[in-house]
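This note's numbering runs 56 ahead of the 1-based position in the sequence shown. These notes are about the structure you will find just below.
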Amino acid sequence: MSFQFRQFNVEDGRCAMKVSTDGVLLGTWAEAAGDALNILDIGAGCGVVSLILAQRYSRARITAIELDPDAATDCAENFAASPWHDRLQAVCADAMEYTPEESFDLIVSNPPFFTEALKAPDARRATARHAAALSPFSVIDFAAKFLSADGRLAMITDCRNTSDIILHARINRLNVLEMTGVSTKQGKPDKRMLWLFAAEDAPLRKSQLPLRNPDGSWHHDYVRLVEPFYLRMPKT
57 MSFQFRQFNV EDGRCAMKVS TDGVLLGTWA EAAGDALNIL DIGAGCGVVS
107 LILAQRYSRA RITAIELDPD AATDCAENFA ASPWHDRLQA VCADAMEYTP
157 EESFDLIVSN PPFFTEALKA PDARRATARH AAALSPFSVI DFAAKFLSAD
207 GRLAMITDCR NTSDIILHAR INRLNVLEMT GVSTKQGKPD KRMLWLFAAE
257 DAPLRKSQLP LRNPDGSWHH DYVRLVEPFY LRMPKT
(Lines of atoms letter the chains of each structure in order from A; the text may use other names.)
(Lines give C-alpha, C1' and ligand atoms only; values in the text may rest on other atoms or scores of the structure.)
Protein backbone atom coordinates (compact mmCIF):
# COMPACT_ATOMS: atom_id res chain seq x y z
CA MET A 57 0.00 0.00 0.00
CA SER A 58 1.12 3.54 -0.68
CA PHE A 59 0.98 6.31 1.93
CA GLN A 60 1.44 9.91 0.81
CA PHE A 61 2.90 12.19 3.44
CA ARG A 62 3.45 15.92 2.98
CA GLN A 63 7.02 15.64 1.73
CA PHE A 64 7.50 11.95 0.91
CA ASN A 65 5.73 8.76 -0.11
CA VAL A 66 5.93 5.36 1.60
CA GLU A 67 5.32 1.99 -0.06
CA ASP A 68 4.99 -0.93 2.34
CA GLY A 69 3.67 -3.72 0.11
CA ARG A 70 6.58 -6.07 0.87
CA CYS A 71 6.69 -5.35 4.61
CA ALA A 72 5.19 -7.77 7.10
CA MET A 73 4.35 -4.87 9.41
CA LYS A 74 2.75 -1.90 7.68
CA VAL A 75 2.92 1.83 8.29
CA SER A 76 1.39 2.37 11.74
CA THR A 77 0.62 5.05 14.29
CA ASP A 78 3.44 3.63 16.46
CA GLY A 79 6.10 4.39 13.86
CA VAL A 80 4.74 7.84 13.06
CA LEU A 81 4.60 8.69 16.77
CA LEU A 82 8.18 7.58 17.31
CA GLY A 83 9.50 9.58 14.37
CA THR A 84 7.67 12.76 15.36
CA TRP A 85 8.31 12.50 19.12
CA ALA A 86 11.97 11.41 19.31
CA GLU A 87 14.33 14.26 20.19
CA ALA A 88 18.08 14.49 19.82
CA ALA A 89 20.09 16.61 22.25
CA GLY A 90 20.91 19.07 19.48
CA ASP A 91 21.23 19.11 15.72
CA ALA A 92 21.65 15.37 15.16
CA LEU A 93 24.20 14.56 12.46
CA ASN A 94 24.22 10.77 12.70
CA ILE A 95 21.02 8.75 13.30
CA LEU A 96 20.37 5.00 13.40
CA ASP A 97 16.95 3.38 12.96
CA ILE A 98 16.91 -0.19 14.33
CA GLY A 99 14.29 -2.49 12.81
CA ALA A 100 13.35 0.12 10.24
CA GLY A 101 10.68 -1.78 8.27
CA CYS A 102 9.61 0.31 5.30
CA GLY A 103 11.61 3.30 6.58
CA VAL A 104 8.81 5.65 7.68
CA VAL A 105 10.55 6.60 10.95
CA SER A 106 13.79 7.41 9.12
CA LEU A 107 11.95 9.50 6.54
CA ILE A 108 10.20 11.54 9.23
CA LEU A 109 13.54 12.13 10.95
CA ALA A 110 15.15 13.12 7.64
CA GLN A 111 12.46 15.79 7.26
CA ARG A 112 12.99 16.98 10.85
CA TYR A 113 16.81 16.94 10.93
CA SER A 114 18.01 18.54 7.73
CA ARG A 115 21.72 17.78 8.26
CA ALA A 116 21.42 14.22 9.55
CA ARG A 117 22.80 11.14 7.86
CA ILE A 118 20.45 8.26 8.68
CA THR A 119 21.19 4.55 8.55
CA ALA A 120 18.22 2.16 8.69
CA ILE A 121 18.84 -1.46 9.70
CA GLU A 122 16.23 -4.05 8.71
CA LEU A 123 16.54 -7.83 9.02
CA ASP A 124 13.83 -8.88 6.55
CA PRO A 125 15.07 -8.63 2.92
CA ASP A 126 11.67 -7.70 1.48
CA ALA A 127 11.10 -4.96 4.05
CA ALA A 128 14.65 -3.72 3.46
CA THR A 129 13.88 -3.50 -0.26
CA ASP A 130 10.80 -1.37 0.43
CA CYS A 131 12.92 0.77 2.73
CA ALA A 132 15.68 1.29 0.15
CA GLU A 133 13.17 2.16 -2.59
CA ASN A 134 11.33 4.62 -0.35
CA PHE A 135 14.64 6.29 0.48
CA ALA A 136 15.66 6.50 -3.17
CA ALA A 137 12.36 8.18 -4.07
CA SER A 138 12.56 10.72 -1.24
CA PRO A 139 13.95 14.28 -1.31
CA TRP A 140 16.69 13.15 1.10
CA HIS A 141 17.98 10.10 -0.79
CA ASP A 142 21.57 11.30 -0.46
CA ARG A 143 21.36 11.24 3.36
CA LEU A 144 19.54 7.93 3.82
CA GLN A 145 20.96 4.40 3.70
CA ALA A 146 19.06 1.13 4.09
CA VAL A 147 21.07 -1.88 5.31
CA CYS A 148 19.69 -5.42 5.30
CA ALA A 149 21.28 -6.94 8.41
CA ASP A 150 20.66 -8.21 11.92
CA ALA A 151 20.98 -5.07 14.01
CA MET A 152 22.32 -7.03 16.95
CA GLU A 153 25.22 -8.24 14.79
CA TYR A 154 25.80 -4.83 13.22
CA THR A 155 29.03 -3.08 14.23
CA PRO A 156 29.07 0.56 13.10
CA GLU A 157 32.31 2.44 12.64
CA GLU A 158 31.01 5.57 14.37
CA SER A 159 28.68 6.55 17.19
CA PHE A 160 25.18 8.00 16.84
CA ASP A 161 23.59 11.20 18.12
CA LEU A 162 20.16 9.54 18.04
CA ILE A 163 19.11 5.89 17.89
CA VAL A 164 15.44 5.07 17.37
CA SER A 165 13.63 1.75 17.45
CA ASN A 166 10.08 0.45 17.27
CA PRO A 167 10.95 -3.05 18.50
CA PRO A 168 8.40 -5.88 18.41
CA PHE A 169 6.78 -6.54 21.75
CA PHE A 170 4.18 -9.27 21.18
CA THR A 171 4.25 -12.32 23.41
CA GLU A 172 4.47 -15.95 22.31
CA ALA A 173 0.72 -16.33 22.82
CA LEU A 174 0.10 -13.61 20.27
CA LYS A 175 2.72 -14.77 17.79
CA ALA A 176 1.35 -14.44 14.27
CA PRO A 177 1.00 -17.62 12.21
CA ASP A 178 2.78 -16.19 9.19
CA ALA A 179 6.54 -16.60 9.71
CA ARG A 180 7.57 -13.21 8.30
CA ARG A 181 4.88 -11.35 10.20
CA ALA A 182 5.87 -13.22 13.34
CA THR A 183 9.50 -12.18 12.90
CA ALA A 184 8.45 -8.55 12.50
CA ARG A 185 6.13 -8.63 15.51
CA HIS A 186 7.79 -10.99 17.92
CA ALA A 187 10.14 -9.81 20.64
CA ALA A 188 12.33 -12.90 20.27
CA ALA A 189 13.85 -11.32 17.14
CA LEU A 190 14.50 -7.90 18.69
CA SER A 191 13.59 -6.65 22.15
CA PRO A 192 13.70 -3.33 24.01
CA PHE A 193 16.42 -4.85 26.19
CA SER A 194 18.66 -5.74 23.24
CA VAL A 195 18.14 -2.28 21.77
CA ILE A 196 19.27 -0.73 25.08
CA ASP A 197 22.34 -3.00 25.10
CA PHE A 198 23.19 -1.83 21.58
CA ALA A 199 22.60 1.85 22.31
CA ALA A 200 24.83 1.75 25.39
CA LYS A 201 27.73 0.79 23.12
CA PHE A 202 27.13 3.06 20.15
CA LEU A 203 25.56 6.31 21.36
CA SER A 204 27.75 9.40 21.22
CA ALA A 205 28.59 11.17 24.50
CA ASP A 206 25.40 13.22 24.42
CA GLY A 207 23.46 10.77 22.26
CA ARG A 208 19.92 9.65 22.95
CA LEU A 209 17.86 6.50 22.44
CA ALA A 210 14.14 6.78 21.65
CA MET A 211 11.80 3.77 21.61
CA ILE A 212 8.12 2.95 21.61
CA THR A 213 6.90 -0.17 23.42
CA ASP A 214 3.75 -1.51 24.98
CA CYS A 215 3.16 -0.69 28.65
CA ARG A 216 4.38 -3.93 30.17
CA ASN A 217 7.76 -4.42 31.84
CA THR A 218 8.36 -0.71 32.41
CA SER A 219 10.22 -1.33 35.67
CA ASP A 220 12.40 -3.96 33.98
CA ILE A 221 13.20 -1.59 31.12
CA ILE A 222 14.19 1.19 33.53
CA LEU A 223 16.39 -1.20 35.51
CA HIS A 224 18.02 -2.58 32.35
CA ALA A 225 18.80 0.94 31.19
CA ARG A 226 20.43 1.77 34.53
CA ILE A 227 22.53 -1.37 34.38
CA ASN A 228 23.75 -0.08 31.01
CA ARG A 229 24.40 3.38 32.50
CA LEU A 230 21.52 4.98 30.63
CA ASN A 231 18.94 7.13 32.40
CA VAL A 232 15.33 7.56 31.39
CA LEU A 233 14.86 11.20 30.48
CA GLU A 234 11.24 10.98 29.41
CA MET A 235 8.31 8.58 29.49
CA THR A 236 5.16 9.49 27.56
CA GLY A 237 2.16 7.22 27.93
CA VAL A 238 0.01 6.98 24.79
CA SER A 239 -3.70 6.23 24.98
CA THR A 240 -6.24 5.85 22.19
CA LYS A 241 -8.58 8.35 23.89
CA GLN A 242 -8.27 10.82 26.74
CA GLY A 243 -9.20 9.09 29.99
CA LYS A 244 -8.44 5.59 28.67
CA PRO A 245 -5.52 3.45 29.93
CA ASP A 246 -2.19 3.83 28.15
CA LYS A 247 -1.54 1.39 25.30
CA ARG A 248 1.99 2.43 24.39
CA MET A 249 4.99 4.02 26.07
CA LEU A 250 7.40 6.42 24.38
CA TRP A 251 10.88 6.35 25.95
CA LEU A 252 13.85 8.69 25.78
CA PHE A 253 17.18 7.53 27.27
CA ALA A 254 20.59 9.16 27.62
CA ALA A 255 23.76 8.92 29.68
CA GLU A 256 23.12 12.37 31.14
CA ASP A 257 21.70 12.63 34.64
CA ALA A 258 18.47 14.61 34.54
CA PRO A 259 15.08 14.48 36.27
CA LEU A 260 12.61 12.06 34.72
CA ARG A 261 9.82 13.79 32.80
CA LYS A 262 6.49 11.96 32.60
CA SER A 263 3.60 12.98 30.36
CA GLN A 264 0.47 11.68 28.67
CA LEU A 265 -0.43 11.73 24.99
CA PRO A 266 -4.02 10.80 24.10
CA LEU A 267 -4.68 10.36 20.39
CA ARG A 268 -8.30 11.47 20.66
CA ASN A 269 -10.49 13.61 22.87
CA PRO A 270 -13.44 12.04 24.73
CA ASP A 271 -15.75 13.10 21.87
CA GLY A 272 -13.62 11.21 19.32
CA SER A 273 -11.93 14.22 17.72
CA TRP A 274 -8.15 14.27 17.43
CA HIS A 275 -6.36 15.56 20.53
CA HIS A 276 -4.44 18.80 19.96
CA ASP A 277 -1.15 17.35 21.29
CA TYR A 278 -1.30 14.51 18.76
CA VAL A 279 -2.22 16.89 15.93
CA ARG A 280 0.69 19.14 16.89
CA LEU A 281 3.12 16.22 16.53
CA VAL A 282 1.91 14.73 13.26
CA GLU A 283 0.41 17.63 11.29
CA PRO A 284 3.76 18.68 9.74
CA PHE A 285 4.01 15.19 8.19
CA TYR A 286 0.52 13.88 7.42
CA LEU A 287 -0.96 15.13 4.17
CA ARG A 288 -4.32 14.72 5.89
CA MET A 289 -5.28 13.36 9.30
CA PRO A 290 -6.34 9.68 9.26
CA LYS A 291 -10.08 9.03 9.33
CA THR A 292 -9.79 6.18 11.83
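Beta carbons: idealized from backbone N, C-alpha and C, even for Gly.
- Shown here, V238 sits in a strand according to DSSP, grouped into three states.
- Taking 4 residues as the shortest admissible run, the region 237-283 contains the following complete alpha helix (DSSP H) segments, listed from N- to C-terminal end: 276-282.
- Taking 8 Å as the cut-off, the Cβ atoms of I121 and V147 count as close.
- The secondary-structure analysis by DSSP pairs A120 across a beta bridge with D97 and A146.
- Annotated three-state conformation of N228 is coil, per DSSP.
- In this structure, P192 is the residue among P192, G272 and S138 with its C-alpha nearest to the C-alpha of L223.
- By the Cβ-count criterion, Q111 is buried, with 16 or more other Cβ atoms from all chains shown falling within 10 Å of its own Cβ.
- Its Cα nearest to that of L209, the residue D197 stands out among N134, T129 and D197.
- One thing to note: D130 has its Cβ within 8 Å of the Cβ of G69.
- Two segments are said to touch when three or more pairs of C-beta atoms, one from each, lie closer than 8 Å; by this definition the region 154-162 touches the region 83-98.
- A straight-line Cα-Cα distance of about 12 Å links A72 and A100.
- Ranking Q264, V105, H276 and S165 by CA distance to the CA of S239 puts Q264 first.
- Rounded to whole angstroms, the gap between the alpha carbons of S165 and I221 is 14 Å.
- Classified as buried, V66 has 16 or more neighbouring CB atoms from the shown chains inside 10 Å of its CB.
- Cβ neighbours of F135 within its own chain (closer than 8 Å, five residues either side excluded): G103, S106, L107, A120, H141, L144, Q145 and A146.
- About 32 Å separates the Cβ atoms of A254 and N269, ruling out a contact at the 8 Å cut-off.
- Sixteen is the threshold: when 16 or more other Cβ atoms of the shown chains lie within 10 Å of the Cβ of E234, as they do, the residue is buried.
- Relative to the Cα of P156, the nearest Cα in the group R115, L203, S138 and A116 belongs to L203.
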